[in-house]
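Below: one structure, written as structure tokens.
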Amino acid sequence: MRDLFPNRWWTVLWLSCLLLLAALPFIANDYVVGIGLSVLMWLALTQSWCLLSKMAGYVSLGHVVFYGLGAYLVVITWQQIPLPVAIVGAGALAALLAALVGLPVLRVRGPYFVILTFGLAELVKYTITWAESASGMASRILFGAPDLQVIYFSMFALAVIAVVMLTWVGSSRFGHGLRSLRENEEAAETLGVPVVRYKLIAFVLGAAIPGMVGGVMALRSTYFVVGQVFDPMISVTVIAMAILGGGDNARGPLLGVLFLSLLSELLWANAPLLYMVILGLVLIVFVLVLPQGIMGLLERKKTPSAQMLKDAAPPSPTRGGAP
Amino acid sequence: MTVLETLLSGQLLFAALVTGSLYALIALGLNLVYGTMRLLNVAHGEVVMLGAYAAYWAFSAFGLSPLLVAPVVAAAGGLLGYALYRGIFKGLLADSSAAQVQRMESNSLLLFFGLSIVVQNATALVFTPNNRAYNYLGTVYHWGSVSMTGNRLAALCVAGTCCLLVAVFLGRSVFGLATRAVIERREAAFIVGVNVDRVQWLSFVLGFASAALAGVLVSMLGQFSPFSGFPYTIAGFIVIILGGLGNAMAGLLAALLLGVIETYGVALTSANMRSMLLYGAFVAALLLFPNGVFARRAAAR
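Chains as they are written, first to last, in the working numbering: chain X, 157 to 479; chain S, 872 to 1172.
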């Protein structure tokens, strides 16, 4: 709990977000509810991404693969199995994929892991594109999808679950294990942290939520194109939001999601290309100047002593090279 | 023609050679930048794409022959590489303390990724997101049963020659020796007096110039758009995972192998499978060598 509400300001921010988002469908028109829905969607995606990629430091550039698979499952089982079963199935399918590829994929580290996850997501995208075109389906349309309120509150539940899950993991033994392997995997293993099991569990847990989110969002668009639900820019946006927010708890992503959702609302409809340029610039600026994100900025301001301690620390050996 | 005849004809082999030589040229630049600085330049394909646009623009607006503007485009690419190195990466590489090296690798990748998104979308803003193509050296030449268009032949010759030149340069010159020393052991090279800074900026310049040159060749062969750069980055990565760092000849062979896999794979299945084959090979290569080429080098020691 302390992770979510460290002081009065955060309590106010979380509660006002919760109340506003919960009341939105009753007080606003469909357009505004749509905005709220996308905020909830990004919140659920980013929080679930943080589980592995922020906590354990395995930066995944393929989060969209779970989202896309979930959407695909809901679309191909449309009106053949009950919808709630399909949504839960979407989460289970995504988790299953994570569990199946997890062991070999999580052996790969650092930047290789980043591009491997990207490559895997693209491989799945092109495989499903090929399967769809082989079966003669260029696109699919869902008739009789549930109305916006049902979709909205399903997404609301998913976002809450994602926030609670990340917060709970963050304060648990499991979460501390993940953090220790982020700092030094060999040392963590030596100290008895079950590194492989922890990584795999985080990967699988983090996959189930985007699977269900994808399933719910398929109902929203009602028009299914493979390239759209597997769009790698979804992964990029998730990373940009998490890095912009910073920190490894649920607070940073909230700030990142709110900021970038606002930006995308202002720009996406009129100037999608410009929005992408700005998204790329945000990524560059934050990696270069503020790798700790907005959270790092807030914390640095508040605890100058910690920063001074860091500055006063003896210089670690440099990388050799570069004179 | 039966499937077997198609496979045995020289036509496919020629196509594989053209693709492979382009991949070799693209991978060469990635190899230098990654090898000397451990920077995974995922924006490499975007440099290829920019080179293609430069050639297209010179051809359609001024009627200049792509082969003539190629050296200019390559020089512009090299200049871009130099500016990026001085502007961003020199400071990053010098600053990083031992604890941050690991994080730096992931961070530099995100940095390049941001650059690649910016370049793609800015290009689409300026030149529209549409596909572009132009007709140049379209004459067909016959050699035995193989028919070759002039542009493919030219691309093969230019890419092949450049790769061989760089291979000889890296193998024989003092700079090549210094580069390979930095790739093998950066700290040790610094201690024995290699000018690491110069090797690094020259790697950036050579890497970006070769990518821009490859872009000119790519533009002669078919359609391209602001978003067609990324598959070239992926192809380049496959080649350096398979061929190893700092070994230009092994890289050339790996690129030809990838060209063969892609061309014959598509011929056996369908054109829709091209991306699947490419990413499939990429994922397989990374899973087989989980730490890239390091693992093999460490084992050999």
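For each residue, glycine too, the CB sits at the ideal point set by N, CA and C. These numbers were taken from a predicted model, which means no experiment stands behind them.
Those residues which DSSP pairs with residue i across a bridge
i, result
"T1020/S", "V1011/S"
"R407/X", "Beta-bridge pairing links R407/X to no other residue."
"R296/X", "F380/X"
"F1095/S", "R1003/S"
Residue i classed as buried or exposed, judged by whether at least 16 other C-beta atoms fall within 10 angstroms
i, result
"L981/S", "buried"
"A468/X", "Because A468/X sits at a pLDDT of 47, beneath the cut-off of 50, its placement in the model cannot be relied upon, and the following sentence gives the value as read from the coordinates. By the neighbour-count rule (16 or more Cβ atoms within 10 Å), A468/X is not buried but exposed."
"N1118/S", "buried"
"W165/X", "exposed"
"A1059/S", "exposed"
"P302/X", "exposed"
"S1173/S", "The first residue shown for chain S is 872 and the last is 1172, placing residue 1173/S beyond what the model contains."
"V1062/S", "Residue 1062/S is actually Ile in this sequence, not Val. The residue in question, I1062/S, is exposed, as its Cβ has fewer than 16 Cβ neighbours within 10 Å."
"N405/X", "buried"
"F538/X", "Limits of chain X in this structure are 157 at one end and 479 at the other, which puts residue 538/X out of reach."
"I450/X", "buried"
"G934/S", "exposed"
"R1023/S", "buried"
"V147/X", "There is simply no residue 147/X to check, as chain X begins at 157 and stops at 479 in what is shown."
"Q236/X", "exposed"
"F1075/S", "buried"
"E339/X", "exposed"
"L175/X", "exposed"
Separation of residue j from residue i, as counted between CA atoms
i, j, result
"V1110/S", "A425/X", "39 Å"
"V919/S", "N1001/S", "17 Å"
"D1068/S", "M368/X", "50 Å"
"A1152/S", "S289/X", "22 Å"
"A1038/S", "L1084/S", "16 Å"
"T994/S", "P1097/S", "6 Å"
"S461/X", "L454/X", "For S461/X, the predicted model reports a pLDDT of 49, less than 50, meaning its position is unreliable; a value from the coordinates is still stated below. Taking the straight line joining both Cα atoms gives about 14 Å."
"A364/X", "A887/S", "41 Å"
"M197/X", "G224/X", "13 Å"
"A255/X", "A248/X", "10 Å"
"I317/X", "A200/X", "8 Å"
"L903/S", "L1073/S", "9 Å"
"G408/X", "L910/S", "27 Å"
"I243/X", "I357/X", "21 Å"
"H332/X", "Q384/X", "36 Å"
"A1082/S", "F386/X", "28 Å"
"L951/S", "A945/S", "10 Å"
"E421/X", "P428/X", "10 Å"
"H915/S", "V1089/S", "14 Å"
"G326/X", "M211/X", "8 Å"
"M1144/S", "G275/X", "15 Å"
Per-residue contacts from residue i into chain X (C-beta, under 7 Å)
i, result
"F1153/S", "G275"
"Y1150/S", "G275, E278, L279, Y282"
"N978/S", "V443, P447"
Sub-8 Å separation of residue i and residue j beta-carbons
i, j, result
"F269/X", "P366/X", "no"
"M432/X", "N992/S", "yes"
"L896/S", "C1033/S", "yes"
"G218/X", "A250/X", "no"
"M389/X", "L416/X", "no"
"G402/X", "G452/X", "yes"
"L361/X", "D186/X", "no"
"L964/S", "M908/S", "yes"
"V940/S", "A1026/S", "no"
"L921/S", "G1086/S", "yes"
"L986/S", "G266/X", "no"
Neighbouring residues, chain S, relative to residue i (Cβ below 7 Å)
i, result
"P260/X", "L1158"
"M432/X", "I988, N992"
"L446/X", "Per Cβ cutoff of 7 Å: no residues; L446/X is ~12 Å from chain S at best."
"Y223/X", "Result: empty, since nearest Cβ-Cβ is about 18 Å, beyond 7 Å."
Partner residues on chain S for residue i, Cβ-Cβ distance less than 8 Å
i, result
"L437/X", "G985, V989"
"I440/X", "L982, G985, L986, V989"
"I395/X", "L981"
"V392/X", "F984, I988"
Chain-ordered neighbours of residue i on chain X, where CB pairs are closer than 8 Å
i, result
"A995/S", "L429"
"F1108/S", "I271"
"V913/S", "I271"
Within chain S, partners of residue i - CB distance below 9 Å
i, result
"V381/X", "What V381/X touches in chain S: nothing, since even the nearest Cβ is about 15 Å away."
"S327/X", "The premise fails here: S327/X is roughly 24 Å from chain S at the closest Cβ pair, so nothing lies under 9 Å."
"S289/X", "N1143"
"Y308/X", "Correct list: empty, because the minimum Cβ distance to chain S is about 30 Å."
Closer than 9 Å at the beta carbon, the chain X residues around residue i
i, result
"S1146/S", "E278, L279, K281, Y282, T285, W286"
"I1105/S", "I271, F274, G275, E278"
Any C-beta of chain C under 8 Å from that of residue i
i, result
"I440/X", "Among the protein chains in the structure shown, which are X and S, there is no chain C."
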